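Scroll down for the structure; my scribbles are underneath it.
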């Protein structure tokens with residue numbers, strides 16, 4: 001029987017063959033992937049975990065050796081920074097445990113000879129590391145090897161007091177870099193030591209995390225189990241930091257971090273002494289489980305903070321360099337750059353884990369968007385829905401088209417959370433957010449089109465409010481059909497109210513087909529621009545097919561192939577509108593099926609769209625009205641979306657998930673399609689009753 005949470009904290013899950021061999025197994029893999037590195041013999045037998053440059057010869061070298069190391073669990077530090085221009089050797093202890101004196105001494109003896117150029121030890125400021133590296137240095141000196149030691153204490157958040165001092169964090173990597181670059185240039189031991197000391201004095205770091213870290217084989221820490229709490233200033237072994245606070249926005253969190261950093265002597269002294277303000281290096285470090293997206297957000301916020309205070313960032317990078325196993329956090333390191341220090345940081349290195357710090361641009365650079373060879377209309381093909389773009393539409397039919405777009409946008413947008421929840425069962429939980437972006441873009445096209453036609457803004461606002469109210473009401477009525485079985489009402493067609501057949505002889509949507517095609521093309525471009533993923537492509541295909549059908553009907557009898565008509569007026573009747581809508585829907589669904597490979601019954605958006613198109617075609621063949629067609633399509637789309645519940649998807653991202661929970665949930669794309677088809681039907685139904 002599995003232990004319950006009440007039995008105490010469980011061991012943290014980990015990809016491992018065993019806690020006792022974890023570090024050695026990791027070293028095996030690292031050496032396999034980096035054949036330019038070698039190790040001292042006796043690692044598994046005697047615990048001599050020493051990684052050395054494969055091209056290094058202590059007996060012939062005339063360069064100073066740079067040795068560092070510490071407990072494992074901070075990968076890629078320290079072994080990942082062994083290479084020309086950085087470390088000569090790295091000594092690896094057990095997870096979060098200092099390496100032995102014997103291992104450190106072996107690293108020194110393997111890289112430096114008695115009477116030779118000597119070795120510099122770079123040590124993070126932790127008691128165990130200081131003691132073991134310090135004693136090894138004394139033993140090496142006794143053997144005739146020149147050895148110097150530099151301690152790195154870059155933690156700006158927590159001061160351990162006069163004796164313990166500040167902890168060594170990610171700033172250690174910059175000290176490695178400066179010392180290694182100086183040694184690579186042939187500097188003597190004193191000069192290399194001076195370069196390392198200057199770098200250590202110029203660097204400051206603050207760490208932030210949502211969690212502590214999990215040591216393989218050890219009980220999981222529960223100290224930061226509150227998902228709404230973030231700790232400022234915790235160490236790279238999970239030791240407590242400066243304070244725990246409620247998680248703020250990234251910008252506000254970075255403001256707190258940078259405020260602490262700005263008070264560090266490494267940054268404040270040049271200003272306080274009245275000298276020139278030096279440029280800075282900015283290093284955002286992943287502590288183990290911080291995503292690249294989050295790191296970039298942090299880097300941007302830190303850069304803005306510094307810029308707003310007149311500080312110049314000369315070098316910057318986001319790295320995964322000094323980690324704490326799986327800690328869900330980051331650290332920000334700032335280094336004050338003298339010309340000499342900057343030159344050393346920018347020098348080349350062959351260390352496999354080093355990520356070069358780049359000189360950032362003063363502002364993001366742009367290049368012009370290309371013009372498409374096929375684009376001859378003069379309109380912007382990339383941003384048709386911005387800056388008042390969108391075709392000018394006038395007349396009652398134009399207003400009806402805009403109302404349909406607004407209602408559809410509101411139905412989908414107001415369902416964002418529900419669609420996200422459905423998508424989270426088998427996907428990444430962003431269907432609603434993506435659909436909402438497209439809805440906003442389509443609504444903006446409707447706004448722009450009426451505004452360009454000279455429709456007063458107050459009239460546009462009133463129509464938009466009324467149409468969006470219809471869309472939101474549609475969502476509140478339809479969404480319960482896709483609730484769990486306990487809350488789900490009996491399935492039934494939507495009670496539409498007035499008989500749609502009464503509108504059979506009404507004019508229906510009679511917008512000029514050229515304008516309608518332009519409107520649909522603008523909607524296609526808007527969703528292509530605003531919606532990512534497959535749903536954006538699918539919506540764009542639907543709008544493109546509808547636009548093509550409208551354009552093809554211009555100059556014909558409505559596009560039925562008889563060729564009897566001469567103008568677009570032939571398609572303005574209700575029966576012509578239904579035929580046009582049916583052709584557009586069939587073409588759009590066919591394009592979606594061809595592009596995505598899905599068929600009806602596969603548990604995708606097609607399950608709602610295909611029956612809707614079939615319903616339109618049936619009503620068109622029967623000579624029904626536009627309102628009858630819209631209602632039939634809406635009911636068919638809802639039934640198709642509802643049918644995706646209770647069966648596994650055969651296409652789309654949900655097809656990768658075989659859980660019973662995923663099979664029970666309705667497909668969010670099908671639900672979104674049913675929502676907007678229903679919203680359009682509701683607008684047309686309201687219009688028919690108003691005309692009646």
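Numbering (the UniProt record's numbering), first residue to last: 1 to 692. Cβ atoms here follow ideal geometry from the backbone N, Cα and C, with glycine treated the same way. The structure presented is a predicted model; accordingly, all values stated were derived computationally and were not measured.
My assumption, with CB atoms under 8 Å, is that residue i sits in contact with residue j. Please give the rounded CB distance.
i	j	result
residue 357	residue 301	Incorrect: roughly 18 Å between the Cβ atoms, too far for contact.
residue 314	residue 295	That belief does not hold up - the Cβ atoms of residue 314 and residue 295 are roughly 19 Å apart, past 8 Å.
residue 47	residue 129	Contact doesn't hold; Cβ gap of about 16 Å is too wide.
residue 336	residue 191	Actually they are not in contact, since the Cβ atoms of residue 336 and residue 191 sit about 20 Å apart, beyond 8 Å.
residue 438	residue 539	6 Å
residue 401	residue 519	6 Å
residue 49	residue 92	4 Å
residue 675	residue 475	6 Å
residue 176	residue 30	Not a contact, Cβ separation roughly 17 Å.
Using a Cβ-Cβ distance cut-off of 7 Å, determine whether residue i contacts chain C.
i	result
residue 22	Structure shown: chain C not included; a single protein chain is present.
Reducing DSSP to helix, strand and coil, say where residue i ends up.
i	result
residue 337	coil
residue 358	strand
residue 667	coil
residue 371	coil
residue 190	helix
residue 64	coil
residue 18	coil
residue 531	coil
residue 685	helix
residue 350	coil
residue 125	coil
residue 676	helix
residue 653	With a pLDDT of only 45 at residue 653, under the threshold of 50, the placement of this residue in the model should not be trusted; the figure read from the coordinates follows. If DSSP states are grouped into helix, strand and coil, residue 653 belongs with the helices.
residue 11	strand
residue 606	helix
residue 112	coil
residue 119	strand
residue 644	coil
residue 440	helix
residue 201	helix
residue 455	coil
residue 624	coil
Is the distance from the Cβ of residue i to the Cβ of residue j below 7 Å?
i	j	result
residue 582	residue 616	yes
residue 153	residue 134	no
residue 693	residue 672	The chain is shown only over 1 to 692; residue 693 falls outside these bounds and no answer can be derived.
residue 331	residue 205	yes
residue 232	residue 238	no
residue 66	residue 183	yes
residue 169	residue 236	yes
residue 465	residue 392	no
residue 110	residue 264	no
residue 218	residue 196	no
residue 210	residue 328	yes
residue 118	residue 146	yes
residue 334	residue 285	no
residue 482	residue 666	yes
residue 471	residue 633	no
residue 287	residue 244	no
residue 350	residue 54	no
residue 14	residue 216	yes
residue 121	residue 137	yes
residue 90	residue 106	no
residue 23	residue 72	yes
residue 637	residue 677	yes
residue 413	residue 436	yes
residue 173	residue 199	no
Could you tell me which residues DSSP pairs with residue i in its beta bridges?
i	result
residue 619	None, per the DSSP bridge assignment.
residue 33	Residue 33 pairs with nothing; no bridge assigned.
residue 327	288
residue 53	37
residue 470	None, per the DSSP bridge assignment.
residue 313	280
residue 319	285
residue 332	206, 284
Given 6 Å as the limit, tell me if residue i has its C-beta closer than that to any heavy atom belonging to the ligand NAD.
i	result
residue 418	The ligand NAD is absent from the structure shown, which contains no ligands of any kind.
Inset, instruction - Starting from the N-terminal side, write out each stretch of the alpha helix (DSSP H) that is 4 residues or longer and does not extend beyond the region 207 to 262. - result: 250 to 262
Inset, instruction - Could you pull out every unbroken beta strand (DSSP E) segment of at least 3 residues lying fully inside the region 57 to 101, listed in chain order? - result: 65 to 72, 89 to 95
Legend entry - Contiguous beta strand (DSSP E) assignments of at least 3 residues, all confined to the region 129 to 181: 147 to 152
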